[in-house]
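In what follows, a structure is listed as structure tokens, so that the remarks can point back to it.
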Amino acid sequence: MRATSLTCLTMILAGAAWVSVYCDEKKSDPKAAAKAAAEFDAAGPGEKKDPDDAVKEIVSGKVVMLVDALKERGIKSYAEEIKGHVVLVTPEKELIPIVADWRGRAFYQDERLRNRPVDLIVNRRPGVPWVQVLSIFTFDEKGERNITDYWCDICAIPMYEIKDCECCQGPTRLRFRPQELPKDVPARKSK
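The sequence shown begins at -15 in our numbering and counts up one residue at a time.
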């Protein structure tokens, strides 16, 4: 009898908790949802589209080690503390730090991608100096633009950092394919 009473009491408390949570939820406003969707769809290239305020744009320059970029500008730093960090140096000599995430990591790992002209498609966020790399475009000796990634010849799948293939565990190679920049991503405006 006592177990039945405890079970009933537990069920009543759980039900009351569910009702209180359910009643406190905001009812969705169909007009507000439609307005938000319309604003999202109406945003043009490079305008706010993501809920996190990320703006996709093209930045150009050369990716170098941060310690070298600072030294070139006469800025003394403790090399040990910034060891391994990379930045994009724009034609205007601005330093743009690169996040070491799923795509930006390639610059940290592979020196063949550094110290050469690049166009990067990146996500930028207001108030954050770091950019997240989405696509890497390098230039060959003839000046032809190439989209750049890593490729497994066995599995025929692209990889975005230098490592063994995630499928067959075999080697990957740095791959360059001629490709123009996408038309729907704006170039960064010079300062």
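For glycine and all other residues, C-beta sits at the position ideal for the given N, C-alpha and C.
Endpoints, beta strand (DSSP E) assigned at residue i
{"i": "D148", "result": "No beta strand (DSSP E) contains D148, which DSSP labels as neither H nor E."}
{"i": "E41", "result": "V39 to M49"}
{"i": "Q116", "result": "V112 to F123"}
{"i": "I66", "result": "Segment A63 to I66 is the alpha helix (DSSP H) holding I66; no beta strand (DSSP E) there."}
{"i": "V70", "result": "V70 to V73"}
{"i": "I59", "result": "I59 -> no beta strand (DSSP E), and no H or E assigned at all."}
Residues of its chain near residue i, where Cβ-Cβ distance is below 7 Å and the 5 sequence neighbours each way are ignored
{"i": "R89", "result": "E145"}
{"i": "N99", "result": "K46 and V48"}
{"i": "Y92", "result": "G68, V70 and A84"}
{"i": "V43", "result": "L72, T74, I80, L104, V106, V115 and R172"}
{"i": "R96", "result": "L158"}
{"i": "L54", "result": "S61"}
C-alpha distance - residue i paired with residue j, whole-angstrom precision
{"i": "D148", "j": "D133", "result": "13 Å"}
{"i": "D36", "j": "R109", "result": "8 Å"}
{"i": "R129", "j": "E164", "result": "7 Å"}
{"i": "P113", "j": "M143", "result": "26 Å"}
{"i": "D8", "j": "V73", "result": "Caution applies to D8, whose pLDDT of 39 falls short of 50 and renders its modelled position unreliable; the value that the coordinates give is listed next. Going by the C-alpha atoms only, they are around 51 Å apart."}
{"i": "L158", "j": "W135", "result": "6 Å"}
{"i": "K77", "j": "V102", "result": "14 Å"}
{"i": "A38", "j": "P166", "result": "18 Å"}
{"i": "V71", "j": "L118", "result": "15 Å"}
{"i": "R87", "j": "I141", "result": "15 Å"}
{"i": "Q153", "j": "F160", "result": "21 Å"}
{"i": "P155", "j": "C139", "result": "10 Å"}
{"i": "I82", "j": "G58", "result": "21 Å"}
{"i": "E150", "j": "P162", "result": "25 Å"}
{"i": "E56", "j": "G111", "result": "26 Å"}
DSSP beta-bridge partners of residue i
{"i": "P166", "result": "DSSP, once it has assigned bridges, lists no residue as partnering P166."}
{"i": "N130", "result": "T122 and P162"}
{"i": "W135", "result": "P142 and R157"}
{"i": "P101", "result": "K46"}
Residues near residue i by beta carbon distance below 8 Å, same chain, minus five either side
{"i": "E41", "result": "G30, I105, V106, R108, V169, P170, A171 and R172"}
{"i": "V51", "result": "S61, A63, I66, K67 and H69"}
Proximal residues to residue i (C-beta, below 6 Å), its chain only, five neighbours per side dropped
{"i": "D94", "result": "I146"}
{"i": "D137", "result": "none"}
{"i": "F121", "result": "D103, R129 and I131"}
- Item | the region 63 to 73 touching the region 121 to 138, judged by at least three CB pairs closer than 8 Å | For the pair of segments examined, the region 63 to 73 was found not to touch the region 121 to 138: the number of CB pairs separated by less than 8 Å stays below three.
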